[in-house]
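Trainee: Mind looking over this structure? Questions follow.
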Ligand code: FDA
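In the UniProt record's numbering, the protein residues as written are 1 to 292.
The following block contains the structure:
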């Protein structure tokens with residue numbers, strides 16, 4: 001219920017104005033969003049963590065803004081070490097305008113990233129963008145076979161999607177939005193996550209296990225062993241600001257652990273999704289509204 005309310009608020013321009021102008025939200029924003037991406041990447045790299053950097057922005061409907069998003073990603077690439085990844089939202093690159101616009105912008109980022117030995121992963125967003133996401137991903141893979149894509153386990157067709165994505169880099173997550181027909185009970189989402197994970201671990205692609213859930217992390221490590229994958233055959237991924245000690249602990253055991261690091265001023269919708277996952281943080285949000 002609270003989660004649904006927060007996700008609805010994440011689309012409200014009025015709430016966005018209230019929240020983004022309140023100084024009281026600064027602490028919670030800082031937890032989830034890097035204020036200096038270069039420093040954040042350097043800090044994570046120093047302790048043996050890999051990064052996937054994401055320039056915040058989504059649901060863009062003006063062509064000029066989509067071009068600015070590409071320019072922001074090209075500038076970001078200059079800050080990243082080889083082996084890094086960038087996470088890209090196709091709605092920031094123009095998916096709401098057309099698949100072709102999003103594809104061409106994403107292809108420009110993929111070309112520049114490849115020249116720097118950086119990979120690109122396409123985030124999964126609202127349910128009505130998922131068909132476009134996979135169509136663009138399929139087209140991009142012709143020239144950029146290592147471009148990755150996110151699968152949301154809360155979608156009932158996620159298993160079929162994983163089966164179709166044989167050989168690809170796939171980031172599996174639970175899903176942070178709402179979707180008609182999506183699994184809502186935690187146990188159903190977890191079961192779907194594990195079924196997808198079995199397909200990905202047994203397949204020929206590169207699984208990226210994006211969760212902080214201790215039980216799913218244990219299952220992933222067991223499946224990796226059963227499927228004969230060593231530490232280089234898959235990776236764990238977690239969000240900046242979420243279970244940082246666990247990120248370092250897993251990396252210390254020799255696992256590949258990548259941290260998704262978002263940055264930029266357009267953080268509102270991202271923050272609301274993080275609050276929706278963890279309503280315990282809601283106090284910050286409510287205090288910021290009450291202060292207006
Ligand atoms: P769950 O929500 O059950 O959390 C398990 C534990 O992790 C909690 O008990 C808590 O300790 C900690 N935790 C989780 N979220 C927290 C938070 N916000 N604040 C504090 N602690 C928290 N989704 C999507 O729809 N499209 C996408 O493209 C992506 N991309 C993506 C990339 C990466 C690298 C990650 C890790 C996640 C995503 N997600 C995503 C988000 C994902 O769908 C999901 O909403 C979150 O990861 C939370 O789910 P968990 O699997 O961590 O489990």
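Even for Gly, the Cβ is constructed at its ideal location relative to N, Cα and C.
(1) Which same chain residues, not among the five before or five after residue 94, have their C-beta less than 8 Å away from its C-beta?
(2) Given this structure, state the Cα-to-Cα distance separating residue 168 from residue 201, to the nearest angstrom.
(3) What would DSSP say about residue 129, mapped onto helix, strand or coil?
(4) Do residue 240 and residue 34 count as a contact pair if the criterion is CB distance below 8 Å?
(5) Mapping the DSSP letters down to three states, classify residue 85 as helix, strand or coil.
(6) Could you pull the start and end residues of the beta strand (DSSP E) that residue 145 belongs to?
(7) Going by the beta-carbon positions, is the gap between residue 47 and residue 248 smaller than 8 Å?
(8) Is residue 191 closer than 8 Å to residue 223 when the C-beta atoms are compared?
(9) Under 7 Å from any heavy atom of the ligand FDA, does the C-beta of residue 58 make it?
(10) DSSP has residue 7 in a bridge; who is on the other side?
(11) Taking 7 Å as the limit between beta carbons, can you name the residues of its chain near residue 229, skipping five residues before and five after?
(12) With a cut-off of 8 Å, do at least 3 Cβ pairs link the region 9–16 to the region 49–58?
(13) Applying the 10 Å Cβ sphere with the 16-neighbour rule, what's the burial state of residue 294?
(14) Residue ranges of each beta strand (DSSP E) run of no fewer than 3 residues wholly in the region 208–274, ordered along the chain?
(15) Measuring only the C-alpha atoms, how far is residue 4 from residue 278?
(16) So, is residue 225 buried or exposed, given that buried needs 16 or more other C-beta atoms within 10 angstroms?
(17) Looking at C-alpha atoms only, which residue of 265, 148 and 157 is the closest neighbour of residue 36?
(18) Measuring CB to CB, does residue 92 end up less than 8 Å from residue 69?
Mentor: Result, derived from the coordinates:
(1) What you label residue 94 is simply residue 94 of the chain shown in a count that begins at 1. Here the set comprises 60, 63, 66, 101, 102 and 105.
(2) For the purposes of this step, residue 168 is taken as the residue at position 168 of the chain shown. For the purposes of this step, residue 201 is taken as the residue at position 201 of the chain shown. In a straight line, the C-alpha of residue 168 is about 12 Å away from that of residue 201.
(3) Numbered from its first residue, the chain shown carries residue 129 at position 129. Helix.
(4) By 1-based counting over the chain shown, the position of residue 34 is 34. By 1-based counting over the chain shown, the position of residue 240 is 240. Yes, the Cβ-Cβ distance between residue 34 and residue 240 is below 8 Å.
(5) If you number the chain shown from 1, residue 85 lands on position 85. Three-state result, residue 85: strand.
(6) Taking the first residue of the chain shown as 1, we reach residue 145 at position 145. Counting along the chain, residue 145 falls outside any beta strand (DSSP E), and DSSP gives it neither H nor E.
(7) As a position in the chain shown, residue 47 is number 47, starting the count at 1. As a position in the chain shown, residue 248 is number 248, starting the count at 1. The answer is yes: Cβ separation under 8 Å.
(8) Here residue 223 corresponds to residue number 223 of the chain shown, with the count starting at 1. Here residue 191 corresponds to residue number 191 of the chain shown, with the count starting at 1. With a cutoff of 8 Å on beta-carbon distance, residue 223 and residue 191 are scored as not near each other.
(9) Stepping through the chain shown from its first residue, residue 58 is reached at position 58. Residue 58 has its CB no nearer than 7 Å to any heavy atom of the ligand FDA.
(10) Position 7 of the chain shown, counted from the first residue, corresponds to residue 7. Beta-bridge pairing links residue 7 to no other residue.
(11) Taking the first residue of the chain shown as position 1, residue 229 is located at position 229. For residue 229, where only same-chain residues beyond five positions count, the Cβ hits under 7 Å are 201.
(12) Segment contact: the region 9–16 against the region 49–58, fewer than three CB-CB distances shorter than 8 Å; contact not assigned.
(13) Nothing can be reported for residue 294, as the shown portion of the chain is limited to 1 through 292.
(14) Listed in chain order, the complete beta strand (DSSP E) runs (minimum 3 residues) inside the region 208–274 are 235–239 and 257–263.
(15) On the chain shown, residue 4 is found 4 positions in, with the first residue counted as 1. On the chain shown, residue 278 is found 278 positions in, with the first residue counted as 1. If you draw a straight line from the Cα of residue 4 to the Cα of residue 278, it comes to about 12 Å.
(16) Residue 225 sits at position 225 when you count from the first residue of the chain shown. Of the residues assessed, residue 225 falls on the exposed side of the cut-off, its CB having fewer than 16 other CB atoms within 10 angstroms.
(17) The residue labelled residue 36 in the question sits at position 36 within the chain shown. Ranked by how close their Cα comes to the Cα of residue 36, the residues 265, 148 and 157 have 265 in first place.
(18) Walking along the chain shown from the start, residue 92 turns up at place 92. Walking along the chain shown from the start, residue 69 turns up at place 69. Residue 69 is positioned such that its CB atom lies closer than 8 Å to that of residue 92.
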